[in-house]
Amino acid sequence: MTTTPDAAPIGFPETSGDKGLKSGAVGLLSTIVVGVASTAPAYSLAASLGFVVASGGALLAGVKAPAIILLAFIPMYFIAVAYQELNKAEPDCGTSFTWASRAFGPVVGWMTGWGIIAADVIVMANLAQIAGSYSFSFADTLGLHNSLSSSIFWSTVAGIIWIAVMTYICYRGIELSARIQYGLLTIEVLVLFLFAAVALIKVYSGHAESYSLHPQWSWLWPGGLSFSDVIAPALLTAVFIYWGWDSAVSINEETDDPATTPGRAAVLSTLILLFTYAIVTVAAVAFAGTGTEGIGLGNQANSEDVFSAISPALFGDSGLGHVGQLLLAASILTSASASTQTTILPTARTALSMAVYKAIPERFARIHPKYLTPTWSTIGMGLISIVFYLIFTLISQNLLSALIGSIGLMIAFYYGLTGFACVWFYRRNLLSSPRNFIMQGLFPFLGGAILVGAFIYAVRSYWAPDWLTDDAGKNITIFGQGAVAVVGLVALLLGVILMIAWWTVKSDFFRQKTLPRKAAHELVLAGVPYDPAGPSEVRLPDAGLPDILISEDLSNLPPGQRAVRREDLDD
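With our numbering applied, the sequence shown covers 4 to 574.
Here it is, written out as structure tokens:
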């Protein structure tokens, strides 16, 4: 095992390799695959679409669910742009943690990093549950008949095994992880388009259900929906469907071009997801309808897995239909398992970065000497996820259904802060060109503002005791309040407690000794040494090299060299 140096790097090329990760291991296509696979498209739709359409048996967005999916894309795209812009300045695997620390200081930065870790740990319980249950469902559909998918004990055992296996794959290296994602994602996307095609063909040919609906253009517009009561809560659930593309940026130090490849992959991932989700959502609403009976998406019994409810009616009992059901079950299984793997990747790298900057114990900065992957961070993520999954399973299976909404709160929290961090980091650069104003200011700000607004309204809605009910119609609550809001807010409060505890133990990070606040307008050294005829290799503040950050009066500018502002480099 090796421990990374204490330097606080900012900017390519120094960042790549400073933490000991394997640089140049993946290219643009692999990074896009990681970004898309991390969202688990099939699983996310199966587990979330019902909650977008309805909640507690009452219609939420209803047939306007496709409009919510489109709305959720807008802040996701804006935040992806913020990631792209910030990654250009500092391709650090800590992503939002590092950038928020640079822009707003250690407290906001630490809580942003905690938001990433908390969201990933919470979602692992959902992923493990559905991967475990679907393992037995898939085996049953395949002909290995069993009823273990309904067994809490055996589904939990299988879920834990999935976490352990995917943790090991992440431990073995980023290249192995990327190769596995190619196969899993290919199966997943092809089956989703097969699902949409069969559903729409049956609807338009008149061979669908009696309550099936013909798609309408009005489904793509949220007119008539209340923002506070419908759009904000449904939006956070839909945000969960998109969440995960930032995994593409978390492996920035392992890409072939850390400054550009990850950001480009993040933006392309969101566009690919928009296209996929829009088609599948319209097809699902059209075929199943939004009723509260049968396979209707408004049926509370279907909300946790709409595809399992729709699949038999969609594909039928013929041999070909059986194959269709088998493929759909396989896609959800591969989706959940793939996302289990790609959820571990960004969390381990966030923890690695936090440890390098002494924001958490330094042992989490250890890198495997052969595989060049985080050791303690990766294994720790797996173990913590297993413990959290077991706790929620033992307390109540119903609480697991509350986790998706609470994950939305975590996502809105750290994505929103990332958007604002981009604006503040580039604050003196925004008026230098129309492009910078839009990409570094307007889009990131709007993305952050939308998510913060949705967060506030959703907390108010989720706090109601009757927001979420179980199959028996009983309210799912904690301390007498809505479980979704309580889980999300308690997770943030736990982060505050842990931050204060670590601050009392080791304060270097909080005193800005390891990760000081910086901005794009800082004077930096250009050309080390400066050669007017050579390439302008720009090194930014705290790259671990001497005399990099230049004072305003140029008193520490080495002879024969020049200082530039970061904003001038982007013109």
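Cβ coordinates follow ideal geometry from the N, Cα and C atoms, glycine included.
- With respect to the alpha helix (DSSP H) encompassing Cys173, which residues constitute its N-terminal and C-terminal limits? As a working note, residue 173 is residue 170 in the sequence shown. 155-175 is the extent of the alpha helix (DSSP H) around Cys173.
- Item | Backbone secondary structure at Gly30 - three-state DSSP | The count along the sequence shown starts at 1 and reaches residue 30 at position 27. Under the three-state reduction of DSSP, Gly30 is assigned to coil, being neither helix nor strand.
- Message: DSSP has Gln484 in a bridge; who is on the other side?
- Response: In the sequence shown, counting from the first residue as 1, residue 484 sits at position 481. According to DSSP, which records beta bridges pairwise, Gln484 is partnered with Ile481.
- Assign Pro377 to one of three DSSP states: helix, strand, or coil. The sequence position of residue 377 within the sequence shown is 374, counting from 1. DSSP places Pro377 in strand when its eight states are reduced to three.
- Message: Just verifying my parser: in three-state terms, what is the DSSP assignment at Ile282?
- Response: The sequence position of residue 282 within the sequence shown is 279, counting from 1. If DSSP states are grouped into helix, strand and coil, Ile282 belongs with the helices.
- Only counting runs of 4 or more residues, tell me where the alpha helix (DSSP H) segments fall wholly within the segment 423-471, in order along the chain. 446-465
- Item | Ala536 to Asn439 span [Cα, whole Å] | Working through the sequence shown from its first residue, we reach residue 536 at position 533. Working through the sequence shown from its first residue, we reach residue 439 at position 436. With a pLDDT of only 38 at Ala536, under 50, the local geometry of the prediction cannot be trusted, and the value read off the model is given with reservation. The alpha-carbon atoms of Ala536 and Asn439 are separated by roughly 28 Å.
- Taking DSSP as the reference, what is the three-state secondary structure of Thr42? Locating residue 42 in the sequence shown gives position 39, counting from the first residue. Note: Thr42 maps to coil in three-state DSSP.
- Message: Considering only the alpha carbon of each residue, which of Glu88, Val110, Lys91, Val192 lies closest to Val363?
- Response: The count along the sequence shown starts at 1 and reaches residue 363 at position 360. For the sequence presented, residue 363 should be read as Ile rather than Val. Among Glu88, Val110, Lys91, Val192, the Cα nearest to that of Ile363 is on Val110.
- Message: I'd like to check one pair, Ile119 with Ser99: are the Cβ atoms closer than 8 Å?
- Response: Position 96 of the sequence shown, counted from the start, is the residue given in the question as residue 99. Position 116 of the sequence shown, counted from the start, is the residue given in the question as residue 119. A contact, by the Cβ cut-off of 8 Å.
- Could you tell me the distance, in whole angstroms, from the CA atom of Gly598 to the CA atom of Ile503? In the structure as shown, the chain begins at 4 and stops at 574. Residue 598 is therefore absent and cannot be evaluated.
- Task: Could you give the DSSP three-state label for Thr293: helix, strand or coil?
- Result: Translated into positions along the sequence shown, residue 293 becomes position 290. It is coil, neither helix nor strand.
- Task: Could you tell me which residues DSSP puts in a beta bridge with Arg352?
- Result: Stepping through the sequence shown from its first residue, residue 352 is reached at position 349. Arg352 pairs with nothing; no bridge assigned.
- Please name the residue in Ala121, Leu402, Glu88, Ser41 whose C-alpha comes closest to that of Ala415. Residue mapping note: residue 415 aligns to position 412 of the sequence shown, counting from 1. Closest by alpha carbon: Ala121.
- Would you say the segment 130-144 touches the segment 326-343, given that touching needs at least three Cβ pairs under 8 Å? yes
- Ala235 lies in the alpha helix (DSSP H); which residues open and close that run? Taking the first residue of the sequence shown as position 1, residue 235 is located at position 232. Element bounds for Ala235: 235-245.
- Query: Per DSSP, Thr101 forms a beta bridge with which residues?
  - Reply: Reading the sequence shown from its first residue, position 98 is the one you call residue 101. Thr101 is not bridged to any residue.
- In terms of residues, what are the limits of the alpha helix (DSSP H) holding Asn305? Sequence index remark: in the sequence shown, residue 305 carries index 302 (1-based). Careful: Asn305 lies outside any alpha helix (DSSP H) and carries neither H nor E.
- Message: Rounded to the nearest angstrom, what separates Lys361 and Ser510 at their Cα positions?
- Response: For the purposes of this step, residue 361 is taken as the residue at position 358 of the sequence shown. For the purposes of this step, residue 510 is taken as the residue at position 507 of the sequence shown. Looking at the two C-alpha atoms, the distance is approximately 8 Å.
- Query: What's the C-alpha gap between Ile313 and Leu151?
  - Reply: As a position in the sequence shown, residue 313 is number 310, starting the count at 1. As a position in the sequence shown, residue 151 is number 148, starting the count at 1. Roughly 21 Å between the two C-alpha positions.
- Message: Three or more C-beta pairs under 8 Å: does that hold for the segment 447-462 against the segment 153-160?
- Response: Segments in contact, no.
- Query: What first and last residue would you give for the alpha helix (DSSP H) that runs through Thr144?
  - Reply: The residue given as residue 144 occupies position 141 in the sequence shown. Unbroken alpha helix (DSSP H) run through Thr144: 109-145.
- Message: Please report the distance separating the alpha-carbon of Phe141 from that of His325.
- Response: The count along the sequence shown starts at 1 and reaches residue 141 at position 138. The count along the sequence shown starts at 1 and reaches residue 325 at position 322. Our two residues, Phe141 and His325, have alpha carbons roughly 12 Å apart in a direct line.
- Query: Which residues mark the beginning and the end of the alpha helix (DSSP H) in which Pro78 is found?
  - Reply: The sequence position of residue 78 within the sequence shown is 75, counting from 1. That run of the alpha helix (DSSP H) goes 68-92.
- Message: Could you compute how far the alpha carbon of Leu518 sits from the alpha carbon of Glu88?
- Response: Start at 1 with the first residue of the sequence shown, and residue 518 comes out as number 515. Start at 1 with the first residue of the sequence shown, and residue 88 comes out as number 85. Taking the straight line from one Cα to the other gives about 19 Å.
- Query: If you check the beta carbons only, do Ser138 and Leu336 fall under 8 Å apart?
  - Reply: In the sequence shown, counting from the first residue as 1, residue 138 sits at position 135. In the sequence shown, counting from the first residue as 1, residue 336 sits at position 333. Yes, the pair counts as a contact, with Cβ atoms nearer than the cut-off.
- Query: Roughly how many angstroms separate the alpha carbons of Gly547 and Pro94, rounded to a whole number?
  - Reply: The residue given as residue 547 occupies position 544 in the sequence shown. The residue given as residue 94 occupies position 91 in the sequence shown. In this predicted model, Gly547 has a pLDDT of only 41, less than 50, meaning its place in the structure is not dependable; the value taken from the coordinates is given anyway. For Gly547 and Pro94, the gap between their C-alpha atoms comes out near 15 Å.
- Task: Return helix, strand or coil for Thr263, following the three-state DSSP convention.
- Result: Counted from its first residue, the sequence shown places residue 263 at position 260. Residue state for Thr263 is assigned as coil, using DSSP reduced to three classes.
- Unbroken alpha helix (DSSP H) run spanning Phe310, endpoints: Within the sequence shown, residue 310 is the residue found at index 307, counting from 1. Segment 309-318, the alpha helix (DSSP H) holding Phe310.
- Which residue comes first and which comes last in the alpha helix (DSSP H) that contains Ser250? As a working mapping, residue 250 is identified with position 247 in the sequence shown. It spans 250-253 - the alpha helix (DSSP H) in which Ser250 sits, taken as one unbroken run.
- Excluding the 5 residues preceding and the 5 following Leu501 in the sequence, name in chain order all residues of the same chain whose CB lies nearer than 8 Å to its CB. Sequence index remark: in the sequence shown, residue 501 carries index 498 (1-based). Excluding sequence neighbours, Leu501 sits near Trp117.
- Query: Is the segment 263-273 touching the segment 38-49, taking contact as three or more C-beta pairs under 8 Å?
  - Reply: yes
- Task: Between the Cα of Ala57 and those of Phe391, Lys91, Ala475, Ala68, spot the shortest distance and give me the residue it belongs to.
- Result: As a working mapping, residue 57 is identified with position 54 in the sequence shown. Selected option, being the one with the closest Cα: Ala68.
- Given Leu579, which residues of its chain have a CB within under 7 Å of its CB, disregarding the five upstream and five downstream residues? Residue numbering for the chain in the displayed model covers 4 to 574; residue 579 lies beyond these limits and cannot be assessed.
- DSSP state of Thr258, grouped into three classes? One-based indexing of the sequence shown puts residue 258 at position 255. Strand at Thr258.
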